[in-house]
Amino acid sequence: MVLNAKKVADHFKEQVVVTIFLNDSAKEVEINQLQKSLAMAEYTKKTVYVSKEEAAEFMKADTGEDFMDFVGYNPLQNNIEVYLKADYVTNETLDGITEELANKQFIEDIRYDNDLVELMNDNVKKITFWVLIVSALFTVIAVLLINSSIRLAVYSKRFIIKTMQMVGATKAFIRRPFVFKSVQLGVIGAIVALIGMALVLYYLNRTFPDLGFVQNPVLLAILFAGIFILGIIITWISTFIATQRFLNLKTDQLYY
192 MVLNAKKVAD HFKEQVVVTI FLNDSAKEVE INQLQKSLAM AEYTKKTVYV
242 SKEEAAEFMK ADTGEDFMDF VGYNPLQNNI EVYLKADYVT NETLDGITEE
292 LANKQFIEDI RYDNDLVELM NDNVKKITFW VLIVSALFTV IAVLLINSSI
342 RLAVYSKRFI IKTMQMVGAT KAFIRRPFVF KSVQLGVIGA IVALIGMALV
392 LYYLNRTFPD LGFVQNPVLL AILFAGIFIL GIIITWISTF IATQRFLNLK
442 TDQLYY
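If you use my numbering, the sequence shown corresponds to residues 192 to 447, in order.
(1) Suppose contacts are defined by Cβ-Cβ distances below 8 Å. Is Thr430 in contact with Ile352 by that definition?
(2) Are at least three pairs of beta-carbons, each pair with one atom in the stretch 398–411 and one in the stretch 353–367, less than 8 Å apart?
(3) With a cut-off of 8 Å on the beta carbons, I'd call Gly422 and Gly380 a contact; round off their distance for me.
(4) So who's on the other strand from Leu434, going by DSSP bridges?
(5) Have a look at Ile173 and Val331 and give me their C-alpha separation to the nearest angstrom.
(6) Hey, how far is the Cα of Asp300 from the Cα of Thr289?
(7) For Lys197, which residues in the same chain have their Cβ closer than 8 Å to its Cβ, ignoring the five residues on either side in sequence?
(8) When the Cα atoms are used, what is the spatial distance from Ile271 to Gln206?
(9) Please list the terminal residues of the continuous beta strand (DSSP E) segment that includes Val241.
(10) Secondary structure at Glu205, three-state DSSP: helix, strand or coil?
(11) Report yes if the CB atom of Leu213 is closer than 8 Å to the CB atom of Ile324, and no otherwise.
(12) Just to confirm, are Lys204 and Val322 a CB contact at a threshold of 8 Å?
(13) Assuming Val315 is part of the alpha helix (DSSP H), what are its boundary residues?
(14) Taking all protein chains shown into account, decide if Ser216 is buried (16 or more other Cβ within 10 angstroms of its Cβ) or exposed.
(15) Between which two residues does the alpha helix (DSSP H) containing Leu395 stretch?
(16) Excluding sequence positions up to five away, which residues of its chain have a Cβ less than 8 Å from the Cβ of Val308?
(17) Since Val315 and Ala433 should fall inside the 8 Å C-beta cutoff, what is the C-beta to C-beta distance between them, to a whole number of angstroms?
(18) Please name the residue, chosen from Ile211, Thr238 and Val378, that lies closest to Leu275 on a Cα-to-Cα basis.
(19) Could you please give the first and the last residue of the uninterrupted beta strand (DSSP E) stretch that includes Asp286?
(20) Quick check: what's the CA-CA separation for Val370 versus Trp427?
(21) Between which residues of its own chain and Val374 is the CB-CB distance below 7 Å, once the five residues before and five after are set aside?
(22) Output the boundary residues of the alpha helix (DSSP H) element that contains Asn269.
(23) Considering only C-alpha positions, which residue in the set Thr398, Lys348 and Lys218 is nearest to Pro368?
(24) Using CA atoms only, rank isn't needed, just tell me which of Gly359, Ala389 and Ser326 is closest to Leu438.
(25) Glu299 lies in the alpha helix (DSSP H); which residues open and close that run?
(26) Using 8 Å as the limit for Cβ to Cβ distance, is Phe404 near chain E?
(27) Exposed or buried, Tyr303, counting other C-beta atoms within 10 Å across all chains shown (16 or more means buried)?
Here it is as structure tokens:
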């Protein structure tokens, strides 16, 4: 969730459109130059030129009626739709684009949903914050549950640990089977978690292909490897601490 939160937010940000309406008197060379300059701008993801005839067809398809039969002419305008890169979808950037293009005589109007952009940026910040908080909370809960389970398992063998220690076994020798067993469980747990995560990613990718959850194989490989290694490290550390505690206790303290 944390790794893909920005990607999801960027996907929705990049759906914001800045529509530049052109005068009917605009020359083709002026329109081409404007579209090329916009396409080369650092904030632009893509530009789409929509003629007034195409706009009329889109409206006809949406409404199911040909409005020109009632009006008698096509009142729509040629326009250029500019899709911005996610990092530039801010009110400051949009205002700057408007000021930059406002002095061109063949541009009649520039429109974008200012309230939507502001609302989207605010919600992205809130969602990202809470995703981090919830993820951190779940991580802490998982570590505590694993640690508690291992401590209980070692606690049930505390008399065996002390008996082995009394007959001369070293701490490393006593600790080794406990660590080995816990690491085995950690590996199994990590594999189960990876299978579950792979199924979720597969479902999300099939349901929301535009978000591209699996388009970065290197990131996925690092994530899967990190979870696998983390499963081993958590169980190893928890077992080491739990066994060390009972190895350091005196015999009469085992009953408390």
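For every residue, glycine included, the Cβ atom is placed at its ideal position computed from N, Cα and C.
The answer reads as follows:
(1) Against a cut-off of 8 Å, the Cβ pair of Ile352 and Thr430 comes out as no contact.
(2) Segments in contact, no.
(3) Taking the Cβ atoms as the reference, Gly422 lies roughly 5 Å from Gly380, within the contact range of under 8 Å.
(4) Note on identity: in this sequence residue 434 is Thr, with Leu being the wrong assignment. None; Thr434 has no bridge partner.
(5) Residue 173 is absent from the model: the chain starts at 192 and stops at 447.
(6) Approximately 9 Å between the Cα atoms of the pair.
(7) Closer than 8 Å at the Cβ level, and outside the excluded window around Lys197, lie Thr319.
(8) Distance between Ile271 and Gln206, taken at the CA atoms: about 15 Å.
(9) Element bounds for Val241: Thr235 to Val241.
(10) The three-state secondary structure of Glu205, taken from DSSP, is coil.
(11) Going by C-beta atoms, Leu213 is not nearer than 8 Å to Ile324.
(12) Contact flag unset, no.
(13) Where Val315 is concerned, the enclosing alpha helix (DSSP H) starts and stops at Asn305 to Tyr346.
(14) Here Ser216 is exposed: its Cβ has fewer than 16 other Cβ atoms, across all protein chains shown, within 10 Å.
(15) That run of the alpha helix (DSSP H) goes Lys362 to Thr398.
(16) Once the five neighbours on either side are set aside, the close Cβ partners of Val308 are Val207, Val280, Thr281, Asn282 and Leu285.
(17) Contact doesn't hold; Cβ gap of about 42 Å is too wide.
(18) Comparing alpha-carbon positions, the option among Ile211, Thr238 and Val378 lying closest to Leu275 turns out to be Thr238.
(19) Run containing Asp286: none in the beta strand (DSSP E); it sits in the alpha helix (DSSP H), Asn282 to Leu292.
(20) Cα to Cα, the separation comes out at about 6 Å.
(21) Once the five neighbours on either side are set aside, the close Cβ partners of Val374 are Ile423, Thr426 and Trp427.
(22) Note, Asn269: premise wrong, no alpha helix (DSSP H); not H, not E.
(23) Checked all of Thr398, Lys348 and Lys218; the closest Cα to Pro368 is Lys348.
(24) For Leu438, the nearest C-alpha among the options comes from Gly359.
(25) Careful: Glu299 lies outside any alpha helix (DSSP H), inside the beta strand (DSSP E) at Ile298 to Arg302.
(26) Going by chain labels, chain E is absent from the structure shown, which holds only one protein chain.
(27) It is buried - the Cβ of Tyr303 has at least 16 other Cβ atoms within 10 Å.
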